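Colleague:
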Amino acid sequence: MTDKKQDEFYIGWVGKTPPTFAALTKRFVLVLLPVIILLGVLLAVSQKKFGTGNFEFGTLTEVRGIYFDKPVPNLRVVTGFGLEGNNSFVTIPLIGYGKFGADGAISDIEKAKHAVLNGKWITLKGTLLYNDGKALMQVDIGDNPITNIADVTPHPMTVDSEQLGSITVKGEIIDPKCYFGVMKPGEGKPHEDCAIRCILGGMPPMLHVVDGSGRINYYFIVGHDGGKINNSIKNYIAGPVAITGKAIQYGDWVVLYTDGPQSITAISKSALWQPKGSIMACAAGGTPLKTPTCSVR
Amino acid sequence: MGAHYTAVGWNRQKKIYDWVIFAFCVTYLAVFITVTAFANPDYTFETALIRSTSTLAFLLLHVILSIGPLARINHKFLPLLYNRRHLGVTMFFVALVHGGFSILQFHALGNTNPFLSLFLSNTQYNSLPGFPFQALGFFALLILLLMAATSHDFWLHNLSPKMWKTLHMLVYLAYLLIIMHVMLGVIQYETSPVLVVLLALGAITIISLHLIAGMKEVKNDQVVYPNRKEGFVQVCHINDIEDSRAKMFCIGAERIAVFKTAGKLFAVSNVCKHQNGPLGEGKVVDGCITCPWHGYQYLPHNGQSPPPFKEQVSTYDVMVNEGYVWVNPIAYPEGTERPGALINLQVP
Numbered sequence: 001m002t003d004k005k006q007d008e009f010y011i012g013w014v015g016k017t018p019p020t021f022a023a024l025t026k027r028f029v030l031v032l033l034p035v036i037i038l039l040g041v042l043l044a045v046s047q048k049k050f051g052t053g054n055f056e057f058g059t060l061t062e063v064r065g066i067y068f069d070k071p072v073p074n075l076r077v078v079t080g081f082g083l084e085g086n087n088s089f090v091t092i093p094l095i096g097y098g099k100f101g102a103d104g105a106i107s108d109i110e111k112a113k114h115a116v117l118n119g120k121w122i123t124l125k126g127t128l129l130y131n132d133g134k135a136l137m138q139v140d141i142g143d144n145p146i147t148n149i150a151d152v153t154p155h156p157m158t159v160d161s162e163q164l165g166s167i168t169v170k171g172e173i174i175d176p177k178c179y180f181g182v183m184k185p186g187e188g189k190p191h192e193d194c195a196i197r198c199i200l201g202g203m204p205p206m207l208h209v210v211d212g213s214g215r216i217n218y219y220f221i222v223g224h225d226g227g228k229i230n231n232s233i234k235n236y237i238a239g240p241v242a243i244t245g246k247a248i249q250y251g252d253w254v255v256l257y258t259d260g261p262q263s264i265t266a267i268s269k270s271a272l273w274q275p276k277g278s279i280m281a282c283a284a285g286g287t288p289l290k291t292p293t294c295s296v297r
Numbered sequence: 001m002g003a004h005y006t007a008v009g010w011n012r013q014k015k016i017y018d019w020v021i022f023a024f025c026v027t028y029l030a031v032f033i034t035v036t037a038f039a040n041p042d043y044t045f046e047t048a049l050i051r052s053t054s055t056l057a058f059l060l061l062h063v064i065l066s067i068g069p070l071a072r073i074n075h076k077f078l079p080l081l082y083n084r085r086h087l088g089v090t091m092f093f094v095a096l097v098h099g100g101f102s103i104l105q106f107h108a109l110g111n112t113n114p115f116l117s118l119f120l121s122n123t124q125y126n127s128l129p130g131f132p133f134q135a136l137g138f139f140a141l142l143i144l145l146l147m148a149a150t151s152h153d154f155w156l157h158n159l160s161p162k163m164w165k166t167l168h169m170l171v172y173l174a175y176l177l178i179i180m181h182v183m184l185g186v187i188q189y190e191t192s193p194v195l196v197v198l199l200a201l202g203a204i205t206i207i208s209l210h211l212i213a214g215m216k217e218v219k220n221d222q223v224v225y226p227n228r229k230e231g232f233v234q235v236c237h238i239n240d241i242e243d244s245r246a247k248m249f250c251i252g253a254e255r256i257a258v259f260k261t262a263g264k265l266f267a268v269s270n271v272c273k274h275q276n277g278p279l280g281e282g283k284v285v286d287g288c289i290t291c292p293w294h295g296y297q298y299l300p301h302n303g304q305s306p307p308p309f310k311e312q313v314s315t316y317d318v319m320v321n322e323g324y325v326w327v328n329p330i331a332y333p334e335g336t337e338r339p340g341a342l343i344n345l346q347v348p
């Protein structure tokens, strides 16, 4: 019997596997099955938590507000009236379809409507994305995004900007579209190429900053004159950086005016860690960011 | 083994093998995606798909790379080796889903062609931590594509076995590229050590199996045969070779298999013309030396595959003297008929 087993010979094209060969193959498969399941569970649970961002893919929402093209294309939406006559509002930065900024879509709308949108009350239709209490809107020319441009602005509004001083903040340069909901993860090395492509496509670059307590803040990054510096910061996208600039609060966002790449230093991951509360102290010179203030003329 | 080419020479074994591969893949993908969905309610399906297919392809690659040495260490693993190309093609398609979705996700709908974007987005080629890891994955996928596309005997014969084998040895380069793809990519993002530990365990397993199998070969290759006479080398006693089986001897640069069949000894090259399989570990079946890897066959007396097949291996002179087997390690041209050596049954 033993000799017969020893003499067994496997030939693949014969179609029948000798018993001892079949037995070992079966054992191998039976051992591999739980290993595969265990690895699947282990790899799945060891993933970093996915972000909480949301992209309302396929759902179009109409939003009415005043369009401003600076510091980044945005729509200011009045959400209420204060006792002192001040409006409360949210600022919804606008971004384009795919990996593009909103400038192209806005320019197309202006050409089609023979109108300049800056400072106008408009009703815009687009796809919302939101996270961390912030909202952005994707404007796609294919969605016929503009539904109304008011001839008269009922509540002309100027927005007070608040100088927060010159600051240095450490964080990661992200593209806001992916980070706020389109992709998970929308940050870090795996997302680097996409962030670069989005920012080179005109998406406003943003610095994502986390302090020691896990509190997150966001800074739009522009040049010293408010112009785009997207192309010149390519090598700093998605890596840990320290950026020095003049911080100005516009509504519920902070914008960092920089001298471009000269203001940015690549740092190590370990240097990225910031003590609890350090961002706010740094950003506002010891004063927490105030509730957005607007004056209505 | 077939006289003409068919896409897949299906038989019961291959069907079972493919169903098992399919069941494993579906099980793994289902487990990964389901657990991800439960552990991370904010997950996106695209990311779960990209990650589940990447890890599955890498797991399959580990199994594929393990099969070769496992079959060398224990020939009972040969059924896994015979159908390995099905596993390889499956692994390529799983990796293609990962690569395809990643290119769509990270590079499509931008201001540059997605394939150019792959190389031109991150251009920090001079920095190790900043290195564009996706390009590494792309080249690994390209190698796997070449291997999957040529994973058929039609290509083996048309490219020549040597060229084909060299091409398929690139799997080790692909493995290295994938390790770097993971190390310079997702590992720089994830905080859990699980991925690093598994990657290390996988590499240790692959390297260990290859070393064990290699040492077995080396041990055999290093045997010294001191007795030489008139060009012949004494290699063993005739009782050391079982009937219908062979023993392999490495003499100088020659790897020679000496078969015992039909009361005679025959010496042929140990290297199968198909994929360099070890003929000496084969068996004489229906009068033909049969390679243990894929069942290619040769006639013992001339090293020729039986018609209509055309493969040929070198033959050698062999003789029996006082119960000992002597081989002349000078090879005859492939397919040369040799008389073999009659076995004197009255051996001492």
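Just so you know, the sequences run in chain order A and B.
The working numbering applies: residue 1 is where the first sequence begins, and numbers increase by one.
The working numbering applies: residue 1 is where the second sequence begins, and numbers increase by one.
Backbone N, C-alpha and C fix where the C-beta goes; we use that ideal spot for every residue, glycine too.
Quantities reported herein were computed from a predicted structural model and do not represent experimental measurements.
(1) Comparing the C-beta of A/K16 with each C-beta of chain B, is any distance below 9 Å?
(2) What residue range is occupied by the uninterrupted alpha helix (DSSP H) comprising B/A174?
(3) Quick test of the definition: if touching needs 3 or more C-beta pairs under 8 Å, does the stretch 69-78 of chain A touch the stretch 101-116 of chain A?
(4) Can you look up A/T291 in the DSSP assignment and give me helix, strand or coil?
(5) Identify the continuous alpha helix (DSSP H) that holds B/F93 and give its terminal residues.
(6) With distances taken from CA atoms, which of A/V90, A/V14, A/A44 and A/E56 is nearest A/Y250?
(7) Could you name the residues of chain B that A/D193 contacts, counting a contact when the two beta carbons are closer than 8 Å?
(8) Report, in whole angstroms, the separation of the C-beta atoms of A/I174 and A/E187, which I expect to be a contact under 8 Å.
(9) Can you pull the chain B neighbours of A/M206, defined as C-beta to C-beta under 9 Å?
(10) Report yes if the CB atom of B/Y175 is closer than 9 Å to the CB atom of B/L65, and no otherwise.
(11) So which residues on chain A does B/P79 lean against when the C-beta distance must stay under 8 Å?
(12) Could you pull out every unbroken beta strand (DSSP E) segment of at least 3 residues lying fully inside the stretch 238-288 of chain B, listed in chain order?
(13) What residues are listed by DSSP as bridge partners for B/W164?
(14) Per DSSP, what are the beta-bridge partners of A/A242 in this structure?
(15) Does DSSP classify A/E62 as helix, strand or coil?
(16) Rounded to a whole number of angstroms, what is the C-alpha to C-alpha distance between B/A148 and B/Y316?
(17) Grab the span of the beta strand (DSSP E) containing B/P329 for me, first residue to last.
(18) A/K184 CB to nearest chain B CB: under 9 Å?
(19) Between which residues of its own chain and A/T17 is the CB-CB distance below 8 Å, once the five residues before and five after are set aside?
(20) Please report the residue range of the alpha helix (DSSP H) in which A/A135 lies.
(21) Below 6 Å CB to CB, which residues in the same chain sit around A/K290 once its five sequence neighbours on both sides are set aside?
(22) Just mark B/Q312 as buried or exposed, buried being the case when its beta carbon has 16 or more other beta carbons within 10 Å.
(23) How would you write the range of the beta strand (DSSP E) that A/M206 sits in, first residue to last?
(24) Where does A/F89 fall in DSSP's three states?
(25) Under 7 Å between beta-carbons, which chain B residues line up against A/K125? List them in chain order, please.
(26) Excluding the 5 residues preceding and the 5 following A/N131 in the sequence, name in chain order all residues of the same chain whose CB lies nearer than 7 Å to its CB.
(27) Residues in the same chain with beta-carbon distance under 8 Å from A/R27, minus the five sequence neighbours each way, listed in chain order, please.
(28) Note the first and the last residue of the continuous alpha helix (DSSP H) segment covering B/Y225.
(29) Taking A/P190 as the query, report the chain B residues whose CB atoms sit under 7 Å from its CB, ordered along the chain.
(30) In terms of alpha-carbon separation, which member of B/F309, B/C291, B/Q304 and B/Y332 lies closest to B/L78?
(31) Could you tell me the alpha carbon to alpha carbon distance between B/A48 and B/N74, rounded to whole angstroms?
(32) For B/Y172, count the other beta carbons within 10 Å of its own beta carbon; 16 or more makes it buried, fewer makes it exposed. Which is it?
(33) What residues of chain A sit near B/R349, judged by a beta carbon separation below 7 Å?
(34) On the DSSP letters alone, give me the boundaries of the alpha helix (DSSP H) that A/N385 sits inside.
(35) Check whether the Cβ of B/G295 lies closer than 9 Å to any Cβ atom in chain C.
(36) With 9 Å set as the bound, which would you pick, yes or no: does the beta-carbon of B/H237 sit closer than that to a beta-carbon of chain A?
Modeller: The relevant details are as follows:
(1) yes
(2) V171 to M183
(3) yes
(4) For A/T291, the pLDDT reaches just 37, beneath the cut-off of 50, and the residue's location in the model is therefore unreliable, leaving the point undetermined.
(5) R84 to H107
(6) A/V90
(7) F106, H107, S117, L118, S121, N122, P132 and Q134
(8) 5 Å
(9) Simply none; closest approach about 18 Å.
(10) yes
(11) Y10, G12, T17, F21, A22 and T25
(12) 246-251, 254-261, 264-269 and 283-285
(13) Paired residue(s): none; B/W164 is not in a bridge.
(14) A/K170 and A/T265
(15) strand
(16) 37 Å
(17) Y324 to Y332
(18) yes
(19) Y10 and T25
(20) Per DSSP, A/A135 belongs to no alpha helix (DSSP H); it is in the beta strand (DSSP E), K134 to V139.
(21) Summary for A/K290: the model assigns pLDDT 36, below 50, so the residue's position carries little reliability; its value from the coordinates is reported in the next sentence. Cβ neighbours of A/K290 beyond the five flanking positions: none.
(22) buried
(23) M206 to V210
(24) strand
(25) The contacting residues do not exist; A/K125 stays about 20 Å from chain B at best.
(26) G51, T52, G53, N54, F180 and G181
(27) none
(28) Per DSSP, B/Y225 belongs to no alpha helix (DSSP H) and is neither H nor E.
(29) G185, V186 and Y189
(30) B/C291
(31) 37 Å
(32) exposed
(33) Only positions 1 to 348 of chain B appear in the structure, and residue 349 of chain B is not among them; the question remains open.
(34) As shown, chain A starts at 1 and ends at 297. That puts residue 385 of chain A outside it, with no answer to give.
(35) Here the protein chains are A and B, and chain C is not one of them.
(36) no
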